[in-house]
Amino acid sequence: MNRRWVLAALVLAFAAPASARDEKPLLRWGGDKNGGAPYIFEAADGKLTGFEVEFAEYIARELGRTPRFVQNQWDNLPDLLKRGDIDVVLNGYEFTKERHDDTPSTVPYYVYSLRLIARQSEPDIFSWADLGRQNEPKRVGVLRGSASQRYLEGRFGNKVRIEGSETVTEMLDLVQAGQVDLTVQDAPAAAYYVTPERYPGLKVIDEPAGYGYYVLLTRPDDAELREKLNAAIRKAVSSGWLKQLYQKYGLWNPAQQRLSYLAGQPWPDAAAEFATDDAGYAPPDPPKLSGILDKLLTAAAYTILLAVASFPIAMVIGLVVAVGRVYGPWPVRALFTIYVEVLRGTPLLLQLFVIFYLPSQLSKIEGWEWMSALALNKWAAAIIGLALNYSANEAENYRAGLMAVPKGQMEAALALGFTKWAALRYVILPQAFRIVIPPVTNDFIALFKDTAVCSTVMIVELTGLYYAYKVYPNLVLELALAVGLLYLLMSYPTAVLARWFERRLALTKEGGRA
Amino acid sequence: MIRVTNLVKQHGQTPILNGATLEVQKGQVAALVGPSGSGKSTLLRCVNGLEAFQEGEIAVGDALKLTGGSAPPKAALLALRRTVGMVFQQFNLFPHMTALKNVMSGPVYALGKPEAEAEATAKGLLARVGLADKHDAKPAQLSGGQQQRVAIARALAVNPAAILFDEPTSALDPKMSAEVMRVIDDLADDAALQVAMVIVTHDLAAVRRIADVVHVLGGGKVTFSGPPDEAFAPNGPAADLL
């Protein structure tokens with residue numbers, strides 16, 4: 027009797043997991059909700075929405091699987107797919123031949139085009155062609171590594187200055203604030219955002235250009251899944267379900283009729299002809315390392331410029347803060363302690379983001395329009411951001427150096443009748459300076475590498491360049507090696523120079539300390 | 202020259218000095234003796250304004266005065282230190298400067314004298330302490346005795362009215378210690394040099410040799426002030442220190 031109850035309890039206990047095991051398998055689809063509306067975004071209630079979310083749900087239903095959204099930075103989604111963390115990438119990825127070789131695509135689910143967006147007050151640009159006619163190249167923003175970037179590079183080359191950001195709204199804010207002149211975005215984003223309600227200061231210029239296809243990306247060895255996905259997409263097209271979806275989001279246009287044609291064709295053979303039918307534009311060949319050598323060297327020069335411009339500022343601020351913290355009266359000590367802890371305790375990336383993007387974002391709020399005066403150009407923002415962040419580290423280095431100078435040194439100087447400042451200037455600081463050469467050098471080398479975060483404020487330094495071109499699978503390995511080598515070529519001589527300097531300033535011939 | 206009146210000094214709750222009073226005349230060599238921890242060094246450091254004190258008064262010359270319990274004005278402190286020099290137990294030479302630059306540092310950086318003038322004075326003083334051949338040596342290249350002699354030259358370079366010696370030979374072995382004491386003896390014997398000297402030391406033989414006056418410190422007070430013979434006489438106030 028007892029035993030039967032135990033058995034029943036056991037059966038019940040295992041029943042629940044067993045039913046869970048019967049549940050439909052997952053379809054893990056990767057996207058970046060930071061890319062924003064109308065693709066994938068959070069509604070006011072925090073629920074994930076957007077036409078790609080509904081499309082993913084439709085496809086999962088057709089495949090008999092449960093959709094699970096996996097959030098990741100947009101340009102890293104193919105890497106995540108290849109690692110096996112997701113089953114499919116579904117987030118406005120454009121078909122390209124190289125990408126198809128790397129991560130095979132499905133048949134297209136949307137015919138995108140590119141839209142040129144400018145401020146209402148834009149004085150020079152009234153058409154795409156105008157972009158190529160400027161004496162002073164316009165600053166044109168794109169999503170880093172997107173079709174817009176490739177389109178602009180292929181059609182205008184050096185006649186435009188391309189600025190990369192990670193999200194659409196970031197870039198639209200920058201254009202509205204005048205930090206960037208124009209931007210090229212995919213038509214769905216342009217249709218959604220460039221409205222009198224959302225971005226009253228912006229307008230769309232000229233006809234769409236640079237047509238192409240949004241596709242799903244899959245792993246090369248997932249042929250079976252790819253076939254199922256293709257079948258589901260073809261059904262969505264032929265049944266009219268997709269048309270209804272696009273009409274709901276205001277994305278339907280005559281170009282989408284091509285989807286029905288393509289649904290009946292072998293994929294991707296049908297793709298190439300269409301991509302070139304845009305007047306005056308042929309998709310560029312995938313770049314080679316030799317072809318972007320000038321860009322690589324420019325990026326290296328930017329890295330050096332950023333480090334060399336910001337570090338002296340950091341050293342000066344750091345010195346003032348350190349001296350204030352060691353020798354100043356208590357209000358100064360308290361203030362500088364807060365300064366150091368705040369800057370040291372928050373990420374550089376966040377600080378840079380706040381300095382560069384926050385003023386223009388805040389200026390959209392009523393009564394805060396004056397904030398737009400604080401919107402810095404990207405170089406100023408980057409140099410100030412790096413300098414402030416590193417000033418906290420330098421302050422701590424110098425403070426340690428000041429504390430390491432024996433107390434008797436200050437006393438001896440004071441006893442000779444030095445003022446406190448003269449004692450600092452001629453006795454304490456020269457000794458502290460020698461002590462801190464190694465940690466300061468270390469920071470300078472670290473700063474070289476930290477300039478990489480400046481790619482978030484659209485400066486294409488070395489890491490930014492790598493991000494912009496890593497979308498080309500044929501290039502990525504050489505590029506990674508070249509970028510790494512350039513960083514090494516910068517940091518190693520610095521280290522050698524510092525050791526030489528250290529030896530030269532040593533207090534005894536043996537290099538020891540008194 | 203230096204008059205200390207009823208000096209009271211505490212480190213937190215621990216009393217160090219409890220009403221110490223003494224006077225040093227112009228050109229006089231005074232020795233401050235007493236058991237370890239009796240506050241000899243503290244008293245010296247108070248005279249030079251390196252330490253604050255709670256009560257009492259320190260007067261140097263006619264014009265300079267420090268009063269207990271209040272932070273002295275910066276100008277007064279600066280004037281005081283330019284009048285009263287100090288030689289430390291640990292020498293405290295500036296390690297990044299040569300011997301010559303160390304001696305020049307006071308005249309140049311504190312008094313604003315021209316380099317050339319300071320250099321001439323400094324060379325003279327280095328010769329006086331027997332280091333004419335060590336102008337370009339960094340402190341780390343000098344022995345302890347040599348370093349302390351440079352420190353004495355450095356203190357003299359600002360032409361002070363008084364020099365305080367805070368255990369100048371305690372960090373040195375007997376040979377170097379003797380070398381430094383010879384320099385101090387020489388200064389004490391120089392009738393032309395009108396510098397008052399206050400020396401805190403455990404080298405009682407030297408005290409007997411050079412001091413004009415001995416002040417004995419005990420229980421935070423000066424318990425005796427008088428000539429060395431009297432201080433070190435059998436059953437004298439400093440006899441138990443011998």
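Quick note, the sequences are listed as chains A and R, same order.
Residue numbers for the first sequence follow this note's numbering, beginning at 27 and rising by one.
Residue numbers for the second sequence follow this note's numbering, beginning at 202 and rising by one.
We treat Cβ as the ideally placed atom computed from N, Cα and C, and that holds for glycine.
Given the structure is predicted, the values throughout are model-derived calculations rather than measurements.
Look at the Cβ atom of residue i, then the Cβ atom of residue j, and state whether they are nearer than 8 Å.
i	j	result
Ala300 of chain R	Leu278 of chain R	no
Gln160 of chain A	Gly227 of chain A	no
Gly427 of chain A	Phe474 of chain A	no
Ile203 of chain R	Ala363 of chain R	yes
Val486 of chain A	Ala325 of chain A	yes
Ala280 of chain R	Ala412 of chain R	no
Thr243 of chain R	Lys210 of chain R	yes
Gly228 of chain R	Ala358 of chain R	no
Pro216 of chain R	Gly421 of chain R	yes
Pro207 of chain A	Arg176 of chain A	A small correction: the amino acid at residue 207 of chain A is Asp; Pro does not occupy that position in the sequence shown. No, Cβ-Cβ distance for Asp207 of chain A and Arg176 of chain A is not below 8 Å.
Val114 of chain A	Trp55 of chain A	yes
Val408 of chain R	Val417 of chain R	no
Pro64 of chain A	Leu285 of chain A	no
Met436 of chain A	Val352 of chain A	no
Val401 of chain R	Leu245 of chain R	yes
Return the residue from the list the options that minimises the CA-CA distance to residue i.
i	options	result
Val137 of chain A	A:Ala281, A:Asn415, A:Ala327 and A:Thr482	A:Ala281
Pro361 of chain R	R:Asp404, R:Gly286 and R:Gln290	R:Gly286
Glu252 of chain R	R:Ala434, R:Val417 and R:His212	R:His212
Ala272 of chain R	R:Phe254, R:Arg282, R:Leu294 and R:Pro369	R:Phe254
Tyr513 of chain A	A:Ala262, A:Arg529, A:Asp113 and A:Tyr492	A:Tyr492
Leu503 of chain A	A:Val79, A:Ala289 and A:Leu315	A:Leu315
Pro292 of chain A	A:Pro313, A:Trp526, A:Asn256 and A:Tyr275	A:Asn256
Trp405 of chain A	A:Pro432, A:Asp128 and A:Tyr383	A:Tyr383
Ala413 of chain A	A:Lys433, A:Thr372, A:Val479 and A:Phe337	A:Phe337
Val234 of chain R	R:His403, R:Pro428 and R:Asp430	R:His403
Tyr498 of chain A	A:Pro163, A:Pro313 and A:Gly411	A:Pro313
Ile151 of chain A	A:Leu198, A:Thr195 and A:Ile231	A:Ile231
Met382 of chain R	R:Leu394, R:Gln349 and R:Ala392	R:Gln349
Leu178 of chain A	A:Ser398, A:Leu157, A:Glu196 and A:Gln377	A:Leu157
Pro163 of chain A	A:Arg187, A:Pro104 and A:Pro149	A:Arg187
Pro549 of chain A	A:Trp278, A:Leu285 and A:Asp128	Because chain A here runs from 27 to 540, residue 549 of chain A falls outside it and cannot be looked at.
Asn60 of chain A	A:Ser398, A:Ala173 and A:Leu74	A:Leu74
Glu120 of chain A	A:Gly110, A:Pro104 and A:Phe81	A:Pro104
Val230 of chain R	R:Pro308, R:Asp390, R:Gln290 and R:Pro274	R:Asp390
Gly419 of chain R	R:Gln214, R:Asp263, R:Gln290 and R:Asn219	R:Asn219
Glu68 of chain A	A:Ser517, A:Phe95 and A:Ser131	A:Phe95
Asn500 of chain A	A:Thr195, A:Thr122 and A:Pro519	A:Thr122
Ala338 of chain R	R:Gln290, R:Leu294, R:Pro308 and R:Ala356	R:Leu294
Glu320 of chain R	R:His297, R:Met305 and R:Asp334	R:Met305
Ala407 of chain A	A:Ala532, A:Ala348, A:Thr482 and A:Phe527	A:Thr482
Taking C-beta pairs closer than 9 Å, name the residues in chain R that residue i reaches, listed in chain order.
i	result
Phe444 of chain A	Leu279, Arg282, Ser306, Gly307, Tyr310 and Ala311
Tyr452 of chain A	Phe295, Met298, Ser306, Val309 and Tyr310
Pro355 of chain A	Near Pro355 of chain A there are no residues of chain R at all, since even the closest Cβ is about 12 Å away, more than 9 Å.
Which residues in chain A sit within 8 Å of residue i, going by Cβ to Cβ distance?
i	result
Val359 of chain R	Leu442 and Gly443
Gly286 of chain R	Ala441 and Leu442
In chain A, which residues lie less than 9 Å from residue i when you measure between Cβ atoms?
i	result
Phe450 of chain R	Nothing can be reported for residue 450 of chain R, as the shown portion of chain R is limited to 202 through 443.
Arg355 of chain R	Ala438 and Leu442
Leu251 of chain R	Glu437, Leu440 and Ala441
Within 7 Å: the Cβ of residue i and any heavy atom of the ligand GTP?
i	result
Ile85 of chain A	In the structure shown, the ligand GTP is absent, as is every other ligand, since no ligand is present at all.
Since residue i meets chain R, which of its residues come closer than 8 Å, beta carbon to beta carbon?
i	result
Ala448 of chain A	Tyr310 and Ala311
Pro456 of chain A	His297
- Residue ranges of each alpha helix (DSSP H) within the stretch 336-420 of chain A, 4 or longer: The qualifying runs are 356-371 and 374-388.
- Meets three-Cβ-pair contact criterion under 8 Å: the stretch 261-275 of chain A and the stretch 183-193 of chain A: With fewer than three CB-CB distances shorter than 8 Å, the stretch 261-275 of chain A does not count as touching the stretch 183-193 of chain A.
- Item | Secondary structure, alpha helix (DSSP H): runs of 4+ residues fully inside the stretch 202-247 of chain R | As far as the stretch 202-247 of chain R is concerned, it has no whole alpha helix (DSSP H) run of at least 4 residues.
- Where are the alpha helix (DSSP H) runs, 4 residues long or more, that stay fully inside the stretch 195-230 of chain A, in chain order? Here the runs fully enclosed are 213-219.
- Residue ranges of each alpha helix (DSSP H) run of no fewer than 4 residues wholly in the stretch 425-473 of chain A, ordered along the chain? Segments of the alpha helix (DSSP H) lying fully in the stretch 425-473 of chain A: 433-441 and 446-449.
- Message: Pairs of beta-carbons, one from the stretch 480-495 of chain A and one from the stretch 342-353 of chain R, closer than 8 Å: are there three or more?
- Response: Two segments are said to touch when three or more pairs of C-beta atoms, one from each, lie closer than 8 Å; by this definition the stretch 480-495 of chain A does not touch the stretch 342-353 of chain R.
- Item | At least 3 beta-carbon pairs within less than 8 Å: the stretch 205-219 of chain A vs the stretch 165-179 of chain A | The stretch 205-219 of chain A is in contact with the stretch 165-179 of chain A.
- Kindly confirm or deny that the stretch 298-317 of chain R and the stretch 441-454 of chain A touch, where touching means at least three C-beta pairs closer than 8 Å. A contact exists between the stretch 298-317 of chain R and the stretch 441-454 of chain A.
- Item | Touching by the beta-carbon criterion (3+ pairs, under 8 Å), the stretch 236-244 of chain A and the stretch 86-95 of chain A | No, the stretch 236-244 of chain A is not in contact with the stretch 86-95 of chain A.
- Ranges of the alpha helix (DSSP H) found wholly within the stretch 258-319 of chain R, counting only runs of at least 4: Unbroken alpha helix (DSSP H) stretches of 4 residues or longer found wholly inside the stretch 258-319 of chain R: 275-284 and 300-306, given in chain order.
- Just checking, does the stretch 380-394 of chain A make contact with the stretch 192-204 of chain A on the three C-beta pairs under 8 Å criterion? Touching, yes, given that three or more Cβ pairs across the two stretches are closer than 8 Å.
- Message: Any contact between the stretch 520-527 of chain A and the stretch 460-471 of chain A? By contact I mean 3 or more CB pairs, one from each, below 8 Å.
- Response: Yes, they touch.
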